[in-house]
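Those sequence lines, one after another, are chains A and B. Going by the working numbering, the first residue of the first sequence is number 575, and it counts up by one from there. Going by the working numbering, the first residue of the second sequence is number 1295, and it counts up by one from there.
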Amino acid sequence: MRTSLFITCYNDTLFPETGRAVVTLLERLGVELEFRPTQTCCGQMHANTGFRGEAFSQAKRFVQLYRDAESVLIPSSSCVAMIRDQYHGLFEELGSESLRKDFAALLPRVYELSEFLIDRLGVEDVGAYFPHRVTYHASCHGLRALHLANKPYRLLAKVKGLDLAPLANTDRCCGFGGTFSIKNAEVSSAMLATKLQDVVTTGAEYCTALDNSCLMHLGGALHRQYAGMKTIHLAQILASTEEQPAEAFA
Amino acid sequence: MSHAELDPVYAPPFPEGALPVLRNPQLRKNVAHAIDVIQAKRGRLVAEKTDWQELRTAGSAIRAHALENLDYYLEQFEERCTAAGGHVHWAVDAAEARQIILNLLREEKASEVIKIKTMTSAEIQLNPFLETAGVKVFETDLAEIILQLGQEEPSHIVVPALHINRSQVREIFARSMGLKNLSDDPHALTAAARTYLRQKFLTIPTAISGANFLIAETGGVAVVESEGNGRMCLTLPRTMITVAGIEKVLPRYQDLEVMLQVLARSATGERMNPYTSLWTGVVPGDGPQRFYVVLLDNGRSRMLRRPVERQTLKCIRCAACMNACPVYRQTGGHAYGSVYPGPIGAILTPQLMELKHAQTLPYASSLCGACYEVCPVKINIPEVLLELRAQVTDKERKQTLRFFDPLYLGLRMANLLFARAWRFHLAQRFGRIGLGLFTRKDGWIHSLPFLGAKWTQTRDLRGLPQQTFHEWWAARERGAK
């Protein structure tokens, strides 16, 4: 099986270790990965801030770049949600008929990481080993836009050595919200403080998620507060084995 | 506080309005506690309905159908209400609605009036207008009494005094009713309110209400409440004036079957609200003998034009969205600078203001989607927020000063970079050098200037890695060959 990795702009720039982990994980599972180096951004930041024309250009670029791909794998639930929830409206308003057709054909082949593993590959046990206490932050987009439901937990349950610490108020936003964290920095920080109480209470060593955006927010505060807890993308936990622990990707 | 403080025309931008609340431990505790209680009740009662999603779909369809045929149903309502002895007035905006109500009160020679809790009257700032015109207004909903006597502003559309706790209520009652020895026992507080209210009910023959629903088929009006004080206003007075937004119409009486189920569970976490009052026109010898309805547009017909914005008018004012909202949970209602706070306020208020005011409200959301998930009539609030953000941006970017706004500058620049991969990759290199200047030995950034300071005021940022993913991939490919 082949898939094309859309790494996303911020993972490429800020979290390359997540991309490296996805490569290790999928190659271990026998998936042939390709990477198209002209990729940039899905347009989420512009769309969510109200820059519709700009968001459209990037959305169009994404569809043109991947229209011939067997499938597209995106290790970021908010970017997948952008494609599923917003592209249609943008193309209806600003796109051509052929773009709409290309998009309709491509959309069912776009996968978030946990969807790709469970729905496309049909695996839950990816042979991972991660001997740590971990709590899972169900990001808003994963939970309410992609309806990932128990998929991430099913994957985590099969990781050897992993001790899953349940997180209270798991459906509550961490307060990141993209440019919301800048435009409404104080309210965002208050939301973050509330979230951190729940996260820190778990006593976990790591907080994981399928969105590095939430993790950047949580991790930034955990670091500021010397909280002694790290954030780690789920891909890095799943890629981790006894021979090649997660630190190898960092 | 005067009512003007929740006037979107004068309210500060949302981030500024939120600041005093974020620093107020008592207020935040009151809001979070009240919301947790309501949310838990709602969660239990929604879970016991196995057909909840079907109810939502039905509720959404009923409201959407009513709005798509609003002209027809409003005229039907007018005709049947009039046939039943009511009088229907149409008000294009808040000023006209206020004047119609004042004229009606003058015809009645009313110098005092009692009120059932109504958000629409708050929207048109009716109370201060009537007081200035010499009419004394008495709220009869317990929470509204607390606000009126305490000279406080509503912070929630169903539980308007949610930001005030029991001991604060005691203080307000003790002060305004002259009851020095009043305790903060809920029974004592309600007894005090009852004594105060009974005298109003028995002496004031004119009442004002809102409407939860107008029923086109019968020309009737529905009001739901928890306390029975609304029922008193609907039975004792001689005259009733109902003010309602034009969107409140339901096609058929039977539609209440769905709407009352979703409303009570969503709003207060009850299977059925304790008091549901339905009345049609005038019945000789029973209830008010003169009945007026003021139908208010105030920007609503403009919102009907396009399907995305039209969803806003499906709202049945249950407040489930604000109870579920993680932003509202931190800020409470006053930060929104409008009588309609929370997610629904963030989409409704700017549209009522034609986007001339309240332009920061569509941004007062992290787009987490909790509001859409709980909405009993399936208003896709995030979708409307995004539409309004696009409208605000389209408007603002034409302004010369915005050209230099760092966020606008940054986003325009980012768009240029994302258009070509080589530009994006070059920017990553410059970024590595630029941010490198702020990166400490531990590899983390603790402080950034300008817009970045908004991030680093409460969070660190990991410095940019030495190799991007695409650089790593390219190196690997080269190595493989």
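Note that the Cβ used here is the ideal one computed from N, Cα and C, for glycine as well. All figures in this text were calculated on a predicted structure; none of them were measured in a lab.
Residues of its chain near residue i, where Cβ-Cβ distance is below 8 Å and the 5 sequence neighbours each way are ignored
i, result
"B/LEU1745", "PRO1700, LEU1701 and GLY1704"
"A/LYS804", "GLU779, TYR780, CYS781, GLY793 and LEU796"
"B/LEU1349", "LYS1343, VAL1552, GLN1555, VAL1556 and PRO1670"
Cβ-Cβ distance between residue i and residue j below 8 Å
i, j, result
"B/GLU1648", "B/VAL1602", "no"
"B/LEU1361", "B/GLU1541", "yes"
"B/VAL1518", "B/ASN1567", "yes"
"B/PRO1635", "B/SER1449", "yes"
"B/ARG1464", "B/LEU1441", "no"
"A/LEU639", "A/GLN618", "no"
"B/ALA1437", "B/PRO1422", "no"
"B/LEU1589", "B/HIS1381", "no"
"A/SER578", "A/SER645", "yes"
"B/GLN1624", "B/ARG1336", "no"
"A/SER650", "A/ASN743", "no"
"B/ALA1505", "B/ALA1538", "yes"
"A/GLU698", "A/LYS732", "yes"
"A/PHE580", "A/ILE648", "yes"
"B/VAL1587", "B/ALA1378", "no"
"A/VAL637", "A/LEU680", "yes"
"B/ALA1664", "B/ALA1618", "yes"
"A/ALA633", "A/ALA719", "no"
"B/LEU1557", "B/CYS1615", "no"
"B/SER1778", "B/ASP1479", "Since the first residue of chain B shown is 1295 and the last is 1775, residue 1778 of chain B is not available in this structure."
"B/HIS1457", "B/VAL1325", "yes"
"B/GLY1581", "B/ARG1374", "no"
"B/GLU1314", "B/GLY1631", "First, the amino acid is wrong: residue 1314 of chain B is Pro here, not Glu. Contact flag unset, no."
beta-carbon residue i near the ligand COA non-hydrogen atom, thresh 7 Å
i, result
"B/VAL1621", "Absence of the ligand COA is noted for the structure shown, with no ligands found whatsoever."
Beta-carbon contacts of residue i that lie in its chain and below 7 Å, excluding the five residues immediately before and after
i, result
"B/MET1471", "ALA1486 and TYR1490"
"B/LEU1679", "ALA1640, ILE1641, PRO1656, SER1659 and LEU1661"
"B/ASP1754", "TRP1738, ILE1739 and HIS1740"
"B/SER1354", "LYS1608, VAL1671 and LYS1672"
"A/PRO819", "none"
"B/GLN1605", "ILE1673, ASN1674 and VAL1678"
"A/LEU717", "ASP745"
"B/PRO1637", "CYS1615, MET1616, CYS1619, SER1659, CYS1665 and ILE1675"
"B/MET1295", "Confidence is the limiting factor: at B/MET1295 the pLDDT is only 37, short of 50, which leaves the residue's position unreliable, though a coordinate-based value still follows. Excluding positions up to five away in sequence, the list reads GLN1445, GLU1446 and GLU1447."
Close-in-space but distant-in-sequence residues of the same chain around residue i (CB under 6 Å, 5 per side omitted)
i, result
"A/HIS807", "THR592 and ASN786"
"A/ALA595", "ALA809, GLN810, ALA813 and PHE823"
"B/ALA1388", "ILE1418 and ASN1592"
"B/HIS1297", "Caution applies to B/HIS1297, whose pLDDT of 44 falls short of 50 and renders its modelled position unreliable; the value that the coordinates give is listed next. If we look at B/HIS1297 and ignore the five residues flanking it on each side, its Cβ neighbours are GLN1419 and PRO1422."
"A/VAL773", "CYS781"
"A/ARG728", "GLU698"
Residue from the options with nearest C-alpha to residue i
i, options, result
"A/SER762", "B/TRP1766, B/LEU1758 and B/GLN1751", "B/GLN1751"
"A/LEU668", "A/ARG694, A/LEU720 and A/SER631", "A/SER631"
"B/ARG1317", "B/ARG1691, B/GLY1626 and B/CYS1669", "B/GLY1626"
"A/VAL684", "A/VAL597, A/LEU664 and A/ASP659", "A/ASP659"
"B/ARG1726", "B/LEU1758, B/ALA1404 and B/HIS1764", "B/LEU1758"
"A/VAL708", "A/ALA759, A/LEU691, A/LEU730 and A/PHE690", "A/LEU730"
"A/TYR800", "B/VAL1303, B/ASP1736, B/PRO1302 and B/GLN1761", "B/ASP1736"
"A/THR587", "B/ALA1652, B/LYS1343, B/GLN1722 and B/ALA1358", "B/GLN1722"
"B/ILE1356", "B/GLN1693, B/HIS1764 and B/ARG1546", "B/ARG1546"
"B/PHE1495", "B/ALA1305, B/PHE1507 and B/GLY1524", "B/GLY1524"
"B/GLN1583", "B/CYS1527, B/GLN1761, B/THR1733 and B/LEU1550", "B/CYS1527"
"A/ASP693", "A/HIS721, A/GLU666 and A/ARG635", "A/HIS721"
8 Å Cβ cutoff, residue i in contact with chain E
i, result
"B/PHE1308", "Structure shown: chain E not included; protein chains present are A and B."
Tell me whether the segment 1432 to 1445 of chain B and the segment 1407 to 1415 of chain B touch, counting them as touching only if at least three CB pairs, one residue from each stretch, are closer than 8 Å. By the C-beta criterion, the segment 1432 to 1445 of chain B is judged to be in contact with the segment 1407 to 1415 of chain B, since at least 3 inter-stretch pairs fall below 8 Å.
When you compare the segment 1305 to 1324 of chain B with the segment 614 to 629 of chain A, are there three or more beta-carbon pairs, one atom per stretch, that lie closer than 8 Å? Verdict: no, contact absent.
Pair every Cβ in the segment 669 to 688 of chain A with every Cβ in the segment 734 to 742 of chain A, then say whether three or more of these pairs are closer than 8 Å. No: fewer than three Cβ pairs fall under 8 Å.
In chain order, each beta strand (DSSP E) run of at least 3 residues that lies wholly inside the segment 1669 to 1709 of chain B: Counting only runs of 3 or more, we get nothing.
Are three or more beta carbon pairs between the segment 808 to 819 of chain A and the segment 695 to 704 of chain A nearer than 8 Å? Remark: three or more beta-carbon pairs, one from each stretch, lie closer than 8 Å, so the segment 808 to 819 of chain A and the segment 695 to 704 of chain A are flagged as touching.
Give a yes or no on contact between the segment 707 to 718 of chain A and the segment 740 to 758 of chain A, applying the rule of three or more CB pairs nearer than 8 Å. Between the segment 707 to 718 of chain A and the segment 740 to 758 of chain A, the count of C-beta pairs closer than 8 Å reaches three or more; the two stretches touch.
Can you find at least 3 beta carbon pairs, one from the segment 1489 to 1505 of chain B and one from the segment 1525 to 1544 of chain B, that sit closer than 8 Å? Touching, yes, given that three or more Cβ pairs across the two stretches are closer than 8 Å.
Continuous alpha helix (DSSP H) assignments of at least 4 residues falling wholly in the segment 747 to 812 of chain A: Listed in chain order, the alpha helix (DSSP H) runs fully inside the segment 747 to 812 of chain A are 754 to 757, 759 to 775 and 786 to 798, counting runs of at least 4 residues.
Unbroken beta strand (DSSP E) runs of length 3 or more, entirely within the segment 1481 to 1534 of chain B: which are they? Listed in chain order, the complete beta strand (DSSP E) runs (minimum 3 residues) inside the segment 1481 to 1534 of chain B are 1500 to 1503, 1507 to 1509 and 1514 to 1519.
Restricting to runs no shorter than 4 residues, where is the alpha helix (DSSP H) found entirely within the segment 593 to 643 of chain A? The segment 593 to 643 of chain A contains these whole alpha helix (DSSP H) runs: 618 to 623 and 626 to 640.
Going residue by residue through the segment 1377 to 1445 of chain B, where are the continuous beta strand (DSSP E) segments of at least 3 residues, counting only ones entirely within it? Listed in chain order, they are 1381 to 1385, 1406 to 1409 and 1430 to 1433.
Restricting to runs no shorter than 4 residues, where is the alpha helix (DSSP H) found entirely within the segment 1581 to 1636 of chain B? Within the segment 1581 to 1636 of chain B, the complete alpha helix (DSSP H) runs of at least 4 residues are 1594 to 1597, 1601 to 1604, 1614 to 1618 and 1620 to 1625.
Complete runs of the beta strand (DSSP E) confined to the segment 637 to 678 of chain A [at least 3 residues]: Whole beta strand (DSSP E) segments, 3+ residues: 646 to 648.
Taking only runs that begin and end inside the segment 1540 to 1574 of chain B, name each unbroken alpha helix (DSSP H) of 4 or more residues, in chain order. With a minimum length of 4 residues, the continuous alpha helix (DSSP H) runs that stay inside the segment 1540 to 1574 of chain B are 1550 to 1561.
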